[in-house]
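Peer 1: These protein sequences, in sequence, are chains A and B. For the first sequence, numbering that gives the first Met the number 0 assigns the number 0 to the initial residue and increments by one for each residue that follows. For the second sequence, numbering that gives the first Met the number 0 assigns the number 0 to the initial residue and increments by one for each residue that follows. Please read through the structure below; I'll follow up with questions.
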Amino acid sequence: MTATTRSGSVPAHAPNTADFERLATYPHVVVSWIDDAGFPVSVATSFEADASAGTILLAPPAGMPIPTDREVGVLGSHIHPTKGGYDERRYLQAWGRFDGTKTLVPHRFWGWDETEVPFFEYSERSVPQSRRYLAALSVEKGRTIRPRLAPFWLALRTTRLPFLSATAVPVLLGIAVAASHGAFSWWTALLTVIGASFAHLAINVTNDIFDTLSGADEANTTPTQFSGGSRVAIYDLVGIGGLTRLALALFAAAGLVGLLLVAVTGSLILLWIGMAGIAVGVAYTAPPLKLVYRGLGELAVALGFGPIMLLGAYVVQTGQLAWEPAVLSVVPGILVALILFVNEIPDRRSDAEAGKRTLPVRFAPGAVRAGYLVAALVAFAVIAAGVGGGILPWPTLIALAAVPLAFKIHAGLKVHYDSPYTLMAVMGANVNLNLVVGALLLLAYLAALFLAPLA
Amino acid sequence: MGWLPDPVERLLDVALVGELTVVGRNGRPITHPLIPLYHDGLVYLHSSTLFSKKLEHIKRDPRVALAITDPVATKGNPDRATIQGRARLIEDDPHTDWERVILGLWRRKEPLIDDFLKVRVALPLFFERAVIEITPERCLYWADGLTDRAPTETRAPRPVVAA
Chain A
0 MTATTRSGSV
10 PAHAPNTADF
20 ERLATYPHVV
30 VSWIDDAGFP
40 VSVATSFEAD
50 ASAGTILLAP
60 PAGMPIPTDR
70 EVGVLGSHIH
80 PTKGGYDERR
90 YLQAWGRFDG
100 TKTLVPHRFW
110 GWDETEVPFF
120 EYSERSVPQS
130 RRYLAALSVE
140 KGRTIRPRLA
150 PFWLALRTTR
160 LPFLSATAVP
170 VLLGIAVAAS
180 HGAFSWWTAL
190 LTVIGASFAH
200 LAINVTNDIF
210 DTLSGADEAN
220 TTPTQFSGGS
230 RVAIYDLVGI
240 GGLTRLALAL
250 FAAAGLVGLL
260 LVAVTGSLIL
270 LWIGMAGIAV
280 GVAYTAPPLK
290 LVYRGLGELA
300 VALGFGPIML
310 LGAYVVQTGQ
320 LAWEPAVLSV
330 VPGILVALIL
340 FVNEIPDRRS
350 DAEAGKRTLP
360 VRFAPGAVRA
370 GYLVAALVAF
380 AVIAAGVGGG
390 ILPWPTLIAL
400 AAVPLAFKIH
410 AGLKVHYDSP
420 YTLMAVMGAN
430 VNLNLVVGAL
440 LLLAYLAALF
450 LAPLA
Chain B
0 MGWLPDPVER
10 LLDVALVGEL
20 TVVGRNGRPI
30 THPLIPLYHD
40 GLVYLHSSTL
50 FSKKLEHIKR
60 DPRVALAITD
70 PVATKGNPDR
80 ATIQGRARLI
90 EDDPHTDWER
100 VILGLWRRKE
110 PLIDDFLKVR
120 VALPLFFERA
130 VIEITPERCL
140 YWADGLTDRA
150 PTETRAPRPV
160 VAA
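And the structure:
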């Protein structure tokens, strides 16, 4: 249609040929003006849009002379009824002066077509309008009126709780490797899962705080369920102060659980691993390092969700480091980093605008896609090499069954790279790749546990 | 009970979209396609705070017109009508007022809305809404939608005091 703005669908603009061509696709128009009593009045009529003359020819409605001394609006509108609703929403409005016979010369057009600006993007572009309206309403009513969500949903959205699956995989694998080495305590295992989850949620919230303050989330008008942050601060569901208190509380909870585990295990290695985890998590978005802004986000995530989580969980159970969990940690490290990598693709334009130079911002689509496939195959190669080298048990080879899923995601990236909303299915599959590989590896370790006595 | 002619009430009962025209800044007519609802002689429209410029216009000038013009949106009913009236905003609590006032009517006309409500967490601001309640004062009706013929005009039976 024309360039879009962040404050609405398509801004009012001077007429162009495309506007007339678009208007001509509507079967009728609604002509409106303000009558002498000050009421709007509107009437449907047939019309012709003449792009070359820059005019709209209206069939004058009977008994309702269109005034010539004031502005007249002309609207084309379309929906397609569906079972239980409707879709294909679009409308286009023109304003101009009527010449008293049949010609209207428009000087402004404005409209929306959901095939060009999807509804979710239209909504995101309109968030500033919602904030302005609610701020004015608050003044008018003499009390603060803010958007709300039910507490459970607000907590889920604010912490991005579903992403905890990324923590579950390395932590459970670390525990499983330790168990296969004969070390397992259910309650320290449970505490490890809880502590790691607190740390992950704290980092999620911290990430939101800094992405909101930097303007990266605000600039993003095509967020999805996998990308663009929680947006609770953008939507004014939670203020930055509330997010900060929540992040501190979650970090404190993670720290307390971590210190308890250090006390129980007496392992200084665990203390160092925990401190490294918190440091990497905070440095991910917080100044001065802002690793993700420098294209180092994937490395930070690979470290955090690979060696730090998996080795940390292993050390809790065994009190020592070992090669097997270290090698295995490369796998979830890479796969979780690839979740971030793919989720950054739809955000790349707004990230670039906010100075967040992620890898998809830095590299061309072809290089990003190739990078994805190479990294995913490296993760699988580590498993094969680990088994070949006698470090990983042979049942872990079952995880190679997920290789076709990596190729499918790679193919999906090619098709949907430029469409944030259709890319969502690919992003979902990519999250599942980590879960599938993690589940297969866990299954392999369970199998190894049960097969060991038979060997 | 309403005074609108039966054919117009029938249009309001089925229309998936009507065109609401409000008085914009500098007296310009601004028209928004919206789903119209009808109950007890009052016309209800509603708007997310995301798309709330129309609400600001109504606050400045409550005089509005709603046209029902599209047979595709009226299950093939070719009739057309325009209702002029004054609008009142119900917006004390944009989180819940609309559910109390119009959700039942909305659900009857657009059952799919329940699917969206189930994922309210994904669209939190879409469900912060204000209700536009229109008290009709004048109605223009075109049988078979033929606007090359003068409309049948009906007015509210008694003067309506603005809210």
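No residue lacks a Cβ here, since even glycine has one placed at the ideal position from N, Cα and C.
If you check the beta carbons only, do L404(A) and V367(A) fall under 8 Å apart?
Peer 2: The answer is no: Cβ separation not under 8 Å.
Peer 1: Is the beta carbon of G110(A) less than 8 Å from the beta carbon of M308(A)?
Peer 2: No. Outside cutoff.
Peer 1: Once you ignore the five residues that flank S226(A) on each side, which residues in its own chain have a CB closer than 6 Å to its CB?
Peer 2: These residues qualify, in order along the chain: N342, P345, D346.
Peer 1: With a cut-off of 8 Å, does the C-beta of I144(A) fall near any C-beta of chain B?
Peer 2: True, the Cβ-Cβ gap to chain B drops below 8 Å.
Peer 1: Any idea if A253(A) is buried or exposed, counting beta-carbon neighbours within 10 angstroms, 16 or more meaning buried?
Peer 2: Answer is buried; the Cβ neighbour count reaches 16.
Peer 1: Find out if the Cβ-Cβ distance for the pair L133(A), R145(A) is shorter than 8 Å.
Peer 2: Yes, they are a contact pair.
Peer 1: Is H27(A) buried or exposed, if buried means 16 or more other CB atoms sit within 10 Å of its CB?
Peer 2: Classification for H27(A): buried.
Peer 1: So with Cβ pairs under 8 Å, would you call T24(A) a contact of chain B?
Peer 2: No, T24(A) lies away from the interface with chain B (no Cβ there is under 8 Å from its Cβ).
Peer 1: Give me the chain B residues within the contact set of I55(A), using Cβ-Cβ distance strictly less than 9 Å, ordered along the chain.
Peer 2: Ordered by position in chain B, no residue passes the 9 Å Cβ test against I55(A), which lies about 14 Å from the chain.
Peer 1: Among the candidates A11(A), H199(A), D216(A), whose CA atom is the shortest distance from the CA of Q92(A)?
Peer 2: The shortest Cα separation from Q92(A) among A11(A), H199(A), D216(A) belongs to A11(A).
Peer 1: Pull up the distance between the alpha-carbon of D35(A) and that of I65(A), whole angstroms please.
Peer 2: Roughly 12 Å between the two C-alpha positions.
Peer 1: Using a C-beta to C-beta distance shorter than 9 Å, which residues of chain A count as neighbours of G144(B)?
Peer 2: Residues of chain A passing the Cβ test: H27, A43.
Peer 1: Tell me which residues share the same chain as M0(B) and place their Cβ nearer than 8 Å to its Cβ, disregarding the 5 neighbours each side in the sequence.
Peer 2: These residues qualify, in order along the chain: D39, G40.
Peer 1: State the start and end residues of the unbroken beta strand (DSSP E) segment that holds H106(A).
Peer 2: First-last of the beta strand (DSSP E) with H106(A): 102-112.
Peer 1: Among the residues of its own chain, which have a CB less than 7 Å from the CB of F125(B), if the five just before and after it don't count?
Peer 2: Once the five neighbours on either side are set aside, the close Cβ partners of F125(B) are S47, L49.
Peer 1: Have a look at the DSSP bridge pairing and note the partners of T20(B).
Peer 2: In the DSSP output, where bridge partners are listed per residue, T20(B) has T30(B), A64(B).
Peer 1: Against chain B, with Cβ distances strictly below 8 Å, would R147(A) count as a contact?
Peer 2: It does: the Cβ of R147(A) has a partner Cβ on chain B nearer than 8 Å.
Peer 1: Flag this pair as touching only if the segment 69-85 of chain A and the segment 102-116 of chain B have three or more C-beta atom pairs under 8 Å; answer yes or no.
Peer 2: Because the criterion of three Cβ pairs below 8 Å is met, the segment 69-85 of chain A and the segment 102-116 of chain B touch.
Peer 1: Under the assumption that D78(B) contacts W141(B) (Cβ atoms under 8 Å), give the Cβ distance between them as a whole number of angstroms.
Peer 2: At roughly 7 Å, the Cβ-Cβ gap stays under 8 Å, so D78(B) and W141(B) are in contact.
Peer 1: Which residues does DSSP pair with P39(A) in a beta bridge?
Peer 2: Looking at the DSSP assignment, P39(A) forms a beta bridge with I33(A).
Peer 1: Can you find a CB in chain B that lies within less than 8 Å of the CB of V116(A)?
Peer 2: Not closer than 8 Å to any Cβ of chain B, the Cβ of V116(A) fails to qualify, so no.
Peer 1: By a C-beta neighbour count over all protein chains shown, 10 Å radius and 16 as the cutoff for buried, is A410(A) buried or exposed?
Peer 2: So A410(A) ends up on the exposed side.
Peer 1: Only counting the same chain, and skipping five residues up and downstream in sequence, which positions put a Cβ closer than 6 Å to that of T168(B)?
Peer 2: Only positions 0 to 162 of chain B appear in this structure, which leaves residue 168(B) out of reach.
Peer 1: According to DSSP, F46(A) sits in a beta bridge with which residue or residues?
Peer 2: DSSP lists L57(A) as partners of F46(A).
Peer 1: Could you confirm whether any beta carbon from chain B is found closer than 8 Å to the beta carbon of L136(A)?
Peer 2: Yes, L136(A) lies at the interface with chain B (some Cβ there is under 8 Å from its Cβ).
Peer 1: Taking the Cβ atom as the reference point for each residue, do A86(B) and E132(B) lie within a distance shorter than 8 Å?
Peer 2: Yes, the Cβ-Cβ distance between A86(B) and E132(B) is below 8 Å.
Peer 1: Judging by CA-CA distance, which residue of G95(A), V176(A), L212(A), P331(A) is the nearest neighbour of A446(A)?
Peer 2: Comparing Cα-Cα distances from A446(A) to each of G95(A), V176(A), L212(A), P331(A), the minimum goes to V176(A).
Peer 1: Closer than 8 Å by beta-carbon distance: list the chain B residues that pair up with R159(A), in chain order.
Peer 2: None at all; the shortest Cβ gap to chain B is about 12 Å.
Peer 1: Under three-state DSSP, which class holds F197(A)?
Peer 2: Of the three classes helix, strand and coil, the one that applies to F197(A) here is helix, per DSSP.
Peer 1: Measure the alpha-carbon distance for P105(A) versus G62(A) and round it to whole angstroms.
Peer 2: The straight-line gap from Cα to Cα measures roughly 23 Å.
Peer 1: In angstroms, rounded to a whole number, what distance separates the CA positions of A374(A) and A384(A)?
Peer 2: C-alpha separation (whole angstroms): 15 Å.
Peer 1: Under the rule that 16 or more other beta-carbon atoms within 10 Å means buried, what is Q316(A), buried or exposed?
Peer 2: Flag for Q316(A) reads buried.
Peer 1: Taking Cβ-Cβ distances shorter than 9 Å, what residues in chain A pair up with G26(B)?
Peer 2: Simply I33, G37, R69, E70.
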